[in-house]
Structures are given as structure tokens and as C-alpha cells.
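First to last, the protein sequences are chains A and B. Residues 272 to 448, numbered by this note's numbering, are exactly what the first sequence covers, in order. Residues 49 to 324, numbered by this note's numbering, are exactly what the second sequence covers, in order. Take a look at the structure below.
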Amino acid sequence: MDFSKGSAKRRSVLKWAIYALLLFVFYGLQTAPGFFRFLDAQPLLTIPLVISIAMFEHEIGGAVFGILAGFLWDMQQDTLFGFNALVMMCCCVSVSLLIMYLMPTTLPSSLFYNFSVLAIQSGLYFLFCYALWGTPGMSLVWINYLLPQMGLTMLAGIPIYYLVRLISSKFNESLRS
Amino acid sequence: MENFFRSKRFKILITVIAVLFGIMLYSASSDGIASMPEKLLSYITWPFQQISSAATGATTGFLDKYLNVDQTIAERDALQQEVNDLRNQMIDNTELQQENESLRTMLGIAEEHDDYTFVNASIISWDQNTTFTINKGENQGVAVNDAIITDAGLVGVVSKVSSTTATVKTLYSTAIDVGAKELNSGRIGVVTGDLNLAEDGLCRMQYLESEVSIGDTIVTSGSGGILPSGLAIGRVVDVQLERNSPTYYATIEPYNDIEELTQVFVITSFAGQDQG
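What follows is the structure, encoded as C-alpha cells:
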């Protein structure tokens, strides 16, 4: 197929628009009351989405979507606005660089990244919101909220990885050709 | 990898990190008022949340019919028994009166407290059982520290507000402090969340200088003019002496079944507001 420069640009814009739409749809789902709820937790669909985007696209794209997902997470979690955006941006850039220089783009890598990012964020959230204040019964936050959330998010990360891989390969193939 | 750290992209990312720090500092100093990016995002996400909230509600209702048949039958039997008991006790009440009980009580509150201004709101998202988001914000007159109630009493307090949504800390949240008193004796204390108690749907009233009794009713004290006085919070189910302190704390069972709520009311203004 022969694509003109303008057509290639349009396709690139369309790809990023689809990613953005997915981000907001996933945010709507992950905040919906009762959506795959287990104990006090619901899966965070936006996190595996932006990590997969960081894996399949470049680090700047990963950073922008990491910041957006982090801002959304801040709104959902009622943390200091910008805290999760900062963490997610650093994580997504690191994921992009690791994929570029060290690790293969595979499902196990994706699961490893999802786990690492969730562990880092959960650890920081627990530290700043509970541990530093010495909140009584704070271990319950891990049992009822953070660990189930990590488990549900890891599970959700599997289909999301394949979805982003499909979108990326379809658009990047046609852009290359 | 070294090339990346020398590249223009790396410098851009460092600049973005600095901007994010600036946003964090602004948020920390803004006292619950949403920053510009937060307001913008809340506008964008609002329709997605409304649709998904409605869709999950409908799907859950549909699936529940088939997935929870045993539970539904057990609940139906228990409710049937309750209905029979109530029918015997309340022979004067008509079926219509029962159906409209909640609305009439709400109307009753409005009549009793004609100084209250209400906004009704739907819960569109939950985070743990301590925080939820409602579909009303600054545009509808909702502000930080507004009381969230139902016909049964206080549910929580608005902690953050954007143009179209507001974040609410429930009575289970350790970040909430509500001035409260025992209805009859007037003994004052502070109601707050406790993670261990929240597991069982309970919260605590602390800094009590003398004991209260099991079964006592706890209401808001209205101190500081932040919340109206006399809003029902819950009833006392246990009283203990604090460790390393001469004060008592009471375990409170809120009148609201908070985790089951889907609709709430926001008190946006009342007589005596902000008058300490």
C-alpha cells in the first residue's frame, strides 16, 4: 500500500486518539461502583494500558500517557494531585527505556512491569498516607485494598497487553509500509 | 542508554518533572480546591464515569438475578418475615406511605430545617470504603466540608471539589474528624474512622471526657460552624478507656449502611454556617 505523508500523519493521530479514548473509557470502568469489585478493591485498567503503550511506543508517548493515567489515578484515590502522575511518568519512561535497551517486548515482561509499577506506587501510597501517620490497623490496607488491587490489575493486564499490541502492530505496520 | 541522558528528550522530561512538582505544591496549598488540570480532567472524564456507572449498575442488577438466586431467596424470606412483623406493628400505615417513607423523611428534614439548602447527588465511583465521588461539584454549589447525608443521617464530608464532581470522605475514613455529641447528655467528642472498625462497618468517637452508654445516639455538635448541629451519626455499641489517655472512646454504628448507598444529599448551606 502506498501512503502519502499526510495519510501517515492522519493514521498516527488516529492511533494516539484511540489510545486516549481507551484511557478514558478504562477510567470510567475502573471507577464504576461494583466493577469487578473484590474486598475493597477494583482493577486499575489504565495502569496496564499506559505500561503497554510505553512498551510498544516511544518514551515520550509513554511519559505523556503515564502522566495522564497518574492524574486520573490521583482523582480516583484522592491523593495529592500530581503524586501519581509523577510516579507514573517516571515508571513509563523507565519501561520504555528498558524495552529499548534491555528486555524483550513479551507478556511476561509486561506482567513484570505491571507488578513493579503497582508495587512501587502501592508502597509509596501506603508510606505517605498510612505508615507515616501511624494509622492503627494499617496492615488492613494491604489485605483489603492494595494486594487485591494488584492481583486484579495484573489479571486485567493480560488482555490489555494483547489489545495494545494489536493496535500498535496494525497502525505501525501500515505506517512503515 | 547514555545517548538518552544527553538528548533533548531527557531535558524535556526533567522539565516536566519540575512542572509536576509545581502542580503538587499548588494542590497541597489549595485546601481541597481542584487545580486547573484536575478540573479539565474531571470535565473530560465525567461523561465516561456517568455512562459506566449506569452500565455497571444495570449489568449487576441483571446478573444478580441469576448469580445470587440462593441469597435472593434467603433475603426474600427474611424480608417477608420483617414485612409481616412491620405490618402487625404499623397497621395504620398504608402501602403508599411505606414506599414514600424515604422521600417523606427527606422532606421532613427540609421542613424541620428550612435553613438547609440541599443538592441531591449520585455516587459515581468508590475508592476503598472510605472515599467516594459524587456527580455534583462547584457548578451545583457543592464546596469543601459540605455535609453528605441521607434520610438516615450523616454519611461523610466533602474533601475535594472540582467543577462537576466532588470527593467525599465517609465516616470510615481515618482522614475525617466530625465534631459530635451524645444527644441527651451533650457529652462531646470527635467522630473519626478506624481501619479495624471499618471492617465491621463501624467508626469511633474519641476524646470523650466521661463515659457514654451503649445505645446512646450520637449527633453532630455543629461546633465551628462547619457542619449543621443535630445530624444523626449513629448509635454507641461499645465504650472503652483510651490507652495512655484519661479519655474514653466509643464505637459507633452509623445509621447509614454506607457501602450500599447510591444516592445522597449534599447540604450546601445552613443557618449559622462558618460561625464558630
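For every residue, glycine included, the Cβ atom is placed at its ideal position computed from N, Cα and C.
query, result
"Contact between the segment 300 to 312 of chain B and the segment 274 to 283 of chain B (3+ Cβ pairs under 8 Å)", "yes"
"Delimiting residues of the alpha helix (DSSP H) encompassing residue 59 of chain B", "56 to 77"
"Any non-hydrogen atom of the ligand COA within 7 Å of residue 206 of chain B CB", "Looking for the ligand COA in the displayed structure turns up nothing, as the structure carries no ligands at all."
"Neighbourhood of residue 147 of chain B by C-beta distance below 8 Å, restricted to the same chain and skipping five residues each side", "Bear in mind that the predicted position of residue 147 of chain B carries a pLDDT of just 47, short of 50, making it unreliable; the figure below should be weighed with that in mind. So the list is empty, once near-sequence residues are dropped."
"Start-to-end residues for the beta strand (DSSP E) that takes in residue 170 of chain B", "165 to 175"
"Pairwise C-alpha distance: residue 321 of chain B and residue 276 of chain B", "7 Å"
"Proximity test, Cβ basis, 8 Å: residue 397 of chain A and chain B", "no"
"Contact with chain B by residue 331 of chain A, beta-carbon distance below 8 Å", "yes"
"Touch test, the segment 226 to 239 of chain B against the segment 261 to 270 of chain B, Cβ-Cβ under 8 Å, three pairs minimum", "yes"
"Candidates A/342, A/427 and A/366: closest to residue 322 of chain A by CA position", "A/366"
"Distance CB(residue 243 of chain B)-CB(residue 299 of chain B) smaller than 8 Å", "no"
"Residue 341 of chain A classed as buried or exposed, judged by whether at least 16 other C-beta atoms fall within 10 angstroms", "buried"
"Chain B contacts from the segment 361 to 392 of chain A (Cβ-Cβ distance under 7 Å)", "364, 368 and 372"
"For residue 226 of chain B, the residue or residues it bridges with in DSSP", "B/239"
"Residues that residue 175 of chain B contacts on chain A, provided the C-beta gap is smaller than 9 Å", "302, 311, 313, 347, 348, 349 and 416"
"Contact check, residue 191 of chain B vs residue 316 of chain B, beta carbons under 8 Å", "yes"
"Integer Cβ distance of residue 357 of chain A from residue 68 of chain B, believed to fall under 8 Å", "5 Å"
"Contact the segment 53 to 60 of chain B vs the segment 306 to 325 of chain A: 3+ CB pairs below 8 Å", "no"
"Coil, strand or helix - residue 285 of chain B by DSSP", "strand"
"Cα-Cα separation, residue 98 of chain B to residue 83 of chain B", "22 Å"
"Cβ separation of residue 178 of chain B and residue 241 of chain B, assumed to be a contact under 8 Å, to the nearest whole Å", "6 Å"
"Local conformation of residue 146 of chain B per DSSP, three classes", "Note that residue 146 of chain B scores 47 on pLDDT, short of 50, meaning its location in the model is unreliable; the coordinates nonetheless yield the value given after this. Reduced to three states, the DSSP call for residue 146 of chain B is helix."
"Listed by chain order, chain B residues near residue 407 of chain A by CB distance under 7 Å", "242, 243 and 244"
"Residue 308 of chain B in three-state terms, based on DSSP", "helix"
"Chain-order list of residues whose beta-carbon lies under 7 Å from that of residue 297 of chain B (same chain, five-residue window excluded)", "252, 253, 254, 256, 288 and 290"
"Cutoff 8 Å: residue 290 of chain A Cβ touching any chain B Cβ", "no"
"Residue-level contact to chain B via CB, residue 272 of chain A, 8 Å cutoff", "With a pLDDT of 46 at residue 272 of chain A, under the threshold of 50, the modelled position of this residue cannot be trusted; read the value that follows with caution. Chain B contact via Cβ: absent."
"Within-8 Å CB hit, residue 433 of chain A to chain B", "no"
"Residue 301 of chain B (DSSP reduced to helix, strand or coil)", "strand"
"Contiguous beta strand (DSSP E) assignments of at least 3 residues, all confined to the segment 276 to 308 of chain A", "none"
"Validate contact between the segment 364 to 381 of chain A and the segment 298 to 311 of chain A using beta carbons, cut 8 Å, 3 pairs", "no"
"Inter-residue spacing [alpha-carbon to alpha-carbon] between residue 428 of chain A and residue 444 of chain A", "23 Å"
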